[in-house]
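Engineer: Chains as they are written, first to last, in the numbering used here: chain A, 2 to 277; chain B, 2 to 277.
Number of protein chains: 2
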Amino acid sequence: MASQPIAVLNRELIESVPITHRGLHYGDGVFETIAVDTSNACLLWEEHLARLERGARVLGLAFERDRIESDVQFALSCSASGQQRVLKLSLLRAGQQRGYTPGLNGQSDVLVSVSPWSTSQDDFRLVDGDVALSPQGVLQGLKTHNSLEYVIAARALVEKGAQEAVLCDDQGYMVEGTRSNLFWVNSTGTLSTSKLDRCGVTGVVREVLLKRAMEDGLPIKLSRATPDALAQSPEIFVTNSLLGVQSVTHYKERTLKQFNVAARVRDFMAGAILAH
Amino acid sequence: MASQPIAVLNRELIESVPITHRGLHYGDGVFETIAVDTSNACLLWEEHLARLERGARVLGLAFERDRIESDVQFALSCSASGQQRVLKLSLLRAGQQRGYTPGLNGQSDVLVSVSPWSTSQDDFRLVDGDVALSPQGVLQGLKTHNSLEYVIAARALVEKGAQEAVLCDDQGYMVEGTRSNLFWVNSTGTLSTSKLDRCGVTGVVREVLLKRAMEDGLPIKLSRATPDALAQSPEIFVTNSLLGVQSVTHYKERTLKQFNVAARVRDFMAGAILAH
Numbered sequence: 002m003a004s005q006p007i008a009v010l011n012r013e014l015i016e017s018v019p020i021t022h023r024g025l026h027y028g029d030g031v032f033e034t035i036a037v038d039t040s041n042a043c044l045l046w047e048e049h050l051a052r053l054e055r056g057a058r059v060l061g062l063a064f065e066r067d068r069i070e071s072d073v074q075f076a077l078s079c080s081a082s083g084q085q086r087v088l089k090l091s092l093l094r095a096g097q098q099r100g101y102t103p104g105l106n107g108q109s110d111v112l113v114s115v116s117p118w119s120t121s122q123d124d125f126r127l128v129d130g131d132v133a134l135s136p137q138g139v140l141q142g143l144k145t146h147n148s149l150e151y152v153i154a155a156r157a158l159v160e161k162g163a164q165e166a167v168l169c170d171d172q173g174y175m176v177e178g179t180r181s182n183l184f185w186v187n188s189t190g191t192l193s194t195s196k197l198d199r200c201g202v203t204g205v206v207r208e209v210l211l212k213r214a215m216e217d218g219l220p221i222k223l224s225r226a227t228p229d230a231l232a233q234s235p236e237i238f239v240t241n242s243l244l245g246v247q248s249v250t251h252y253k254e255r256t257l258k259q260f261n262v263a264a265r266v267r268d269f270m271a272g273a274i275l276a277h
Numbered sequence: 002m003a004s005q006p007i008a009v010l011n012r013e014l015i016e017s018v019p020i021t022h023r024g025l026h027y028g029d030g031v032f033e034t035i036a037v038d039t040s041n042a043c044l045l046w047e048e049h050l051a052r053l054e055r056g057a058r059v060l061g062l063a064f065e066r067d068r069i070e071s072d073v074q075f076a077l078s079c080s081a082s083g084q085q086r087v088l089k090l091s092l093l094r095a096g097q098q099r100g101y102t103p104g105l106n107g108q109s110d111v112l113v114s115v116s117p118w119s120t121s122q123d124d125f126r127l128v129d130g131d132v133a134l135s136p137q138g139v140l141q142g143l144k145t146h147n148s149l150e151y152v153i154a155a156r157a158l159v160e161k162g163a164q165e166a167v168l169c170d171d172q173g174y175m176v177e178g179t180r181s182n183l184f185w186v187n188s189t190g191t192l193s194t195s196k197l198d199r200c201g202v203t204g205v206v207r208e209v210l211l212k213r214a215m216e217d218g219l220p221i222k223l224s225r226a227t228p229d230a231l232a233q234s235p236e237i238f239v240t241n242s243l244l245g246v247q248s249v250t251h252y253k254e255r256t257l258k259q260f261n262v263a264a265r266v267r268d269f270m271a272g273a274i275l276a277h
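1. Beta-carbon separation of V176 (chain B) and L231 (chain B) under 7 Å?
2. In chain B, which residues lie with their C-beta within 7 Å of the C-beta of H146 (chain A)?
3. Between A3 (chain B) and chain A, is any beta-carbon pair separated by less than 7 Å?
4. Spell out whether any CB of chain B is found under 7 Å from the CB atom of L306 (chain A).
5. Rounded to whole angstroms, what's the CA-CA distance from G142 (chain A) to R213 (chain B)? Just pull it up for me.
6. Starting from I20 (chain A), find everything on chain B with Cβ-Cβ shorter than 8 Å and list it in chain order.
7. Measuring CB to CB, does V159 (chain A) end up less than 7 Å from L62 (chain B)?
8. When the Cα of W118 (chain A) is compared with those of A:F260, A:N187, A:G83, A:G218, which residue comes out closest?
9. Where do the ends of the beta strand (DSSP E) carrying W185 (chain B) lie?
10. Cβ closer than 7 Å: which chain B residues qualify as neighbours of S135 (chain A)?
11. For Q233 (chain A) and F260 (chain A), what's the separation of their Cα atoms in angstroms?
12. Would H277 (chain B) be called buried (16 or more neighbouring beta carbons within 10 Å of its own) or exposed?
13. Contact check, T203 (chain B) vs L197 (chain B) under 8 Å by CB: the rounded distance?
14. What are the complete beta strand (DSSP E) segments, minimum 3 residues, inside the stretch 92–159 of chain A?
15. Between B:P228, B:Y174, B:L168, B:L211, which lies nearest to N187 (chain B) when the distance is taken from Cα to Cα?
16. Quick check on this structure: which residue in A:L88, A:S181, A:R156, A:R68 has the alpha carbon closest to the alpha carbon of S109 (chain A)?
17. Counting only beta-carbon atoms, is P103 (chain A) nearer than 7 Å to chain B?
18. Going along chain B in order, which residues have a C-beta closer than 8 Å to the C-beta of N69 (chain A)?
19. Please report how far the alpha carbon of D123 (chain A) lies from the alpha carbon of Q164 (chain A), in whole angstroms.
20. Taking C-alpha atoms, which residue in B:V9, B:R66, B:L223 lies nearest to L112 (chain B)?
21. Along the stretch 163–187 of chain B, where does the CB come closer than 8 Å to a CB of chain A? Name the residues.
22. Q85 (chain A) and T39 (chain A) look like a contact to me (Cβ under 8 Å); what is the Cβ gap, rounded to whole Å?
23. Throw me the rounded Cβ distance for the L210 (chain A) and T179 (chain A) pair, which I believe falls under 8 Å.
24. Taking the straight line between their C-alpha atoms, what separation do you get for S80 (chain A) and S116 (chain A)?
25. For E33 (chain B), does the three-state DSSP call read helix, strand or coil?
26. The alpha helix (DSSP H) spanning L257 (chain A) covers which residue range?
27. Using 10 angstroms around the beta-carbon of R58 (chain B), count the other beta-carbons present and answer buried if the total reaches 16, otherwise exposed.
28. As a quick exercise: from A:D131, A:P136, A:Q172, A:T145, pick the residue whose alpha carbon is nearest that of R156 (chain A).
29. Identify the continuous alpha helix (DSSP H) that holds F269 (chain A) and give its terminal residues.
30. Compare the C-beta of A155 (chain A) with all C-beta atoms of chain B and state if any pair is closer than 7 Å.
31. Can you tell me whether A3 (chain A) is buried or exposed? The criterion is at least 16 other CB atoms within 10 Å of its CB, across all chains shown.
32. Give the DSSP-derived three-state secondary structure of K161 (chain B) in the structure shown.
33. Judging by CA-CA distance, which residue of A:M215, A:V73, A:N41, A:L90 is the nearest neighbour of R52 (chain A)?
34. Using the three-state DSSP reduction, which class does A57 (chain A) fall into: helix, strand or coil?
35. If you draw a straight line from the C-alpha of L93 (chain A) to the C-alpha of V262 (chain B), how long is it?
36. Quick check on Q74 (chain B): does DSSP put it in helix, strand or coil?
Okay, here's the thing in structure tokens:
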């Protein structure tokens with residue numbers, strides 16, 4: 002039986018937030034989406050925490066590691082264990098000041114929600130997206146509650162019956178999916194992923210993959226390429242904390258049948274992410 | 002006596018929203034901040050509504066004019082009249098789906114909050130900001146609940162004891178203030194404001210000002226200029242729905258003593274915005 006979703010704000014089980022909360026009005030916070038395995042472990046915990054801390058620094062938010070860890074443990078203890086779950090961990094600016102100007106103490110609210118989650122995945126269809134991602138400037142690489150571009154891009158997925166869309170930047174170069182990072186094998190067998198220097202979330206699975214690939218001797222190129230590169234690619238996969246390394250079975254009209262690079266990546270990533 | 006702030010969601014007086022609300026998680030909505038005069042009129046109502054509708058279209062949100070107007074009237078009726086107030090009107094995506102992908106029906110929640118507000122303004126100090134605004138792409142010109150860049154930029158205001166900061170784009174050209182549009186007079190007497198083609202909120206007061214200036218024979222140049230232009234400017238003012246046309250009294254270390262262009266603008270804007 003699936004557990005019910007729960008939400009914990011500053012160690013208190015809650016169902017609502019004040020209407021004046023800055024998270025609601027300005028998306029004033031950063032978050033992580035984390036896979037929790039059947040033994041209650043938060044996968045890639047250190048990597049998630051590192052990105053959260055980076056975001057907190059940019060936003061001027063307090064980052065209290067002990068408190069965050071204890072709040073996460075409390076939230077997990079309120080949720081049925083023994084099954085895979087997804088944990089969303091947010092640092093939101095505390096306080097209810099009207100107007101952009103926040104208080105200067107940088108106090109943060111820790112919001113943790115835990116939801117049931119199943120990894121079963123049938124076909125994974127990738128299409129071209131129709132939203133160009135903007136350069137992110139001061140927010141570059143972070144995962145913030147300012148997610149409108151991704152929401153708008155993700156609207157098209159349902160209409161198209163696809164699981165993911167390729168998002169390009171304002172110059173037409175591929176960046177990522179709406180909720181995942183993108184990898185493709187070119188016709189000479191080289192694995193590529195996009196440079197994320199102007200926009201795009203620096204995914205924690207992507208970061209670990211880049212490190213472990215080096216150790217494993219699998220060369221990966223950081224590319225600046227248009228979706229034309231995908232049209233000729235025999236193998237494409239995407240990564241995120243919940244999907245792990247997810248092979249693309251269909252790109253636009255084409256059926257992909259090669260999955261061996263993804264399999265090798267899954268091998269050397271074993272233990273870091275859930276197996277599929 | 003100041004009235005208390007009130008909030009109305011879909012015609013119901015509320016104090017909180019569900020923790021799973023998409024506004025909180027993704028900033029999934031657009032808003033307007035509107036001045037309400039002592040006779041209960043929402044100033045520049047048509048202009049605000051037009052921008053809100055533009056935003057709703059980009060986000061794929063239902064825009065039901067009758068419902069919005071009736072909800073605003075209801076909120077105003079719940080708030081003490083006879084004094085200036087500020088009304089914040091949001092269209093937020095209804096529903097509580099986890100993940101970026103929204104439902105396709107585009108149903109929107111109408112959130113209206115009304116707060117007491119005083120226009121008294123002493124010195125108005127303008128400083129240079131330290132956040133570069135990013136190009137906004139699909140969200141260009143809109144006022145969305147994705148306001149993190151402005152929040153980060155506004156943090157410095159308190160530290161510097163300033164009311165507003167000049168924000169430049171990623172190429173160093175002036176765009177706007179953190180919550181206002183920027184106007185300056187150059188040494189030959191020409192009034193300028195920034196082009197807002199890459200980033201910046203297209204302010205409703207700014208739009209009206211540009212139209213009425215033409216009718217009044219006051220030439221305004223849409224400029225692409227660095228803050229150097231302000232250093233040599235004898236007169237600077239900012240505009241927004243609450244400040245109206247607000248003269249800058251100090252720019253960095255310099256005291257400004259010329260306010261006549263702002264006075265002329267206030268004259269031909271009379272009736273559209275609150276007088277100062």
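Think of the CB as a built atom: it goes at the ideal place given N, C-alpha and C, for glycine as much as any other residue.
Structural biologist: So, from the data block:
1. For the purposes of this step, residue 176 (chain B) is taken as the residue at position 175 of the second sequence. For the purposes of this step, residue 231 (chain B) is taken as the residue at position 230 of the second sequence. Result no, Cβ atoms of V176 (chain B) and L231 (chain B) do not sit closer than 7 Å.
2. Mapped onto the first sequence, residue 146 (chain A) falls at position 145. Those within 7 Å of H146 (chain A) in chain B are H26, Y27, G28.
3. Stepping through the second sequence from its first residue, residue 3 (chain B) is reached at position 2. For A3 (chain B), the predicted model reports a pLDDT of 49, less than 50, meaning its position is unreliable and no value from the coordinates is stated.
4. Because chain A is modelled from 2 through 277, residue 306 (chain A) falls outside the range shown and cannot be assessed.
5. Within the first sequence, residue 142 (chain A) is the residue found at index 141, counting from 1. Within the second sequence, residue 213 (chain B) is the residue found at index 212, counting from 1. Each residue's Cα considered, the two are about 42 Å apart.
6. Taking the first sequence and counting its residues from 1, one reaches residue 20 (chain A) at position 19. The answer, in chain order, is A8, L10, I15, E16, S17, V18, L112, S114.
7. Counting from 1 along the first sequence, the entry for residue 159 (chain A) is found at position 158. Counting from 1 along the second sequence, the entry for residue 62 (chain B) is found at position 61. Not closer than 7 Å, so no.
8. Walking along the first sequence from the start, residue 118 (chain A) turns up at place 117. Considering only alpha carbons, the answer is A:G83.
9. Along the second sequence, one-based indexing puts residue 185 (chain B) at 184. Note, W185 (chain B): beta strand (DSSP E), 182–186.
10. Along the first sequence, one-based indexing puts residue 135 (chain A) at 134. Within 7 Å Cβ-Cβ: S135, P136, Q137, G138.
11. Mapped onto the first sequence, residue 233 (chain A) falls at position 232. Mapped onto the first sequence, residue 260 (chain A) falls at position 259. Q233 (chain A) and F260 (chain A): Cα-Cα distance of roughly 15 Å.
12. Here residue 277 (chain B) refers to the residue found at position 276 of the second sequence. Low local confidence applies: a pLDDT of 42 at H277 (chain B) is under 50, so the model's placement there is unreliable, and no value is given.
13. For the purposes of this step, residue 203 (chain B) is identified with residue 202 of the second sequence, where counting begins at 1. For the purposes of this step, residue 197 (chain B) is identified with residue 196 of the second sequence, where counting begins at 1. At roughly 5 Å, the Cβ-Cβ gap stays under 8 Å, so T203 (chain B) and L197 (chain B) are in contact.
14. 109–117, 126–134
15. Numbered from 1 along the second sequence, position 186 holds the residue referred to as residue 187 (chain B). N187 (chain B) has its Cα closest to that of B:P228, out of B:P228, B:Y174, B:L168, B:L211.
16. Working through the first sequence from its first residue, we reach residue 109 (chain A) at position 108. Nearest option by C-alpha distance: A:R68.
17. The residue you call residue 103 (chain A) lines up with position 102 of the first sequence. P103 (chain A) counts as touching chain B.
18. If you number the first sequence from 1, residue 69 (chain A) lands on position 68. It should be pointed out that residue 69 (chain A) corresponds to Ile in this sequence rather than to Asn. Result: empty, since nearest Cβ-Cβ is about 18 Å, beyond 8 Å.
19. Sequence index remark: in the first sequence, residue 123 (chain A) carries index 122 (1-based). Sequence index remark: in the first sequence, residue 164 (chain A) carries index 163 (1-based). Using only the alpha carbons, I get a separation of about 10 Å.
20. What you label residue 112 (chain B) is simply residue 111 of the second sequence in a count that begins at 1. When each option's Cα is compared against that of L112 (chain B), the closest is B:V9.
21. D171, T179, R180
22. Taking the first residue of the first sequence as position 1, residue 85 (chain A) is located at position 84. Taking the first residue of the first sequence as position 1, residue 39 (chain A) is located at position 38. With 8 Å as the limit, Q85 (chain A) and T39 (chain A) qualify as a contact, their Cβ atoms being about 6 Å apart.
23. In the first sequence, counting from the first residue as 1, residue 210 (chain A) sits at position 209. In the first sequence, counting from the first residue as 1, residue 179 (chain A) sits at position 178. The pair is not a contact, with the Cβ atoms about 19 Å apart (cut-off 8 Å).
24. The count along the first sequence starts at 1 and reaches residue 80 (chain A) at position 79. The count along the first sequence starts at 1 and reaches residue 116 (chain A) at position 115. So the alpha carbons of these two residues sit roughly 8 Å apart.
25. Residue 33 (chain B) sits at position 32 when you count from the first residue of the second sequence. In the structure shown, E33 (chain B) sits in a strand (DSSP, three-state: E or B).
26. The residue given as residue 257 (chain A) occupies position 256 in the first sequence. Taken as a continuous stretch (DSSP letters only), L257 (chain A) belongs to no alpha helix (DSSP H), as it is neither H nor E.
27. By 1-based counting over the second sequence, the position of residue 58 (chain B) is 57. That one is exposed.
28. Within the first sequence, numbered from 1, the residue matching residue 156 (chain A) stands at position 155. When only C-alpha atoms are compared, the closest one is A:D131.
29. The count along the first sequence starts at 1 and reaches residue 269 (chain A) at position 268. F269 (chain A) -> alpha helix (DSSP H) spans 261–270.
30. Stepping through the first sequence from its first residue, residue 155 (chain A) is reached at position 154. Yes, because at least one Cβ of chain B sits closer than 7 Å to the Cβ of A155 (chain A).
31. As a working mapping, residue 3 (chain A) is identified with position 2 in the first sequence. Reliability fails at A3 (chain A), whose pLDDT of 49 lies under 50, so the model's placement of it is uncertain and no value is given.
32. Working through the second sequence from its first residue, we reach residue 161 (chain B) at position 160. If DSSP states are grouped into helix, strand and coil, K161 (chain B) belongs with the helices.
33. The residue labelled residue 52 (chain A) in the question sits at position 51 within the first sequence. It is A:L90.
34. Working through the first sequence from its first residue, we reach residue 57 (chain A) at position 56. Reduced to three states, the DSSP call for A57 (chain A) is helix.
35. Taking the first residue of the first sequence as 1, we reach residue 93 (chain A) at position 92. Taking the first residue of the second sequence as 1, we reach residue 262 (chain B) at position 261. Computed Cα separation, rounded: 42 Å.
36. For this step, residue 74 (chain B) is matched to residue 73 along the second sequence. Looking at Q74 (chain B) - three-state DSSP - the assignment turns out to be helix.
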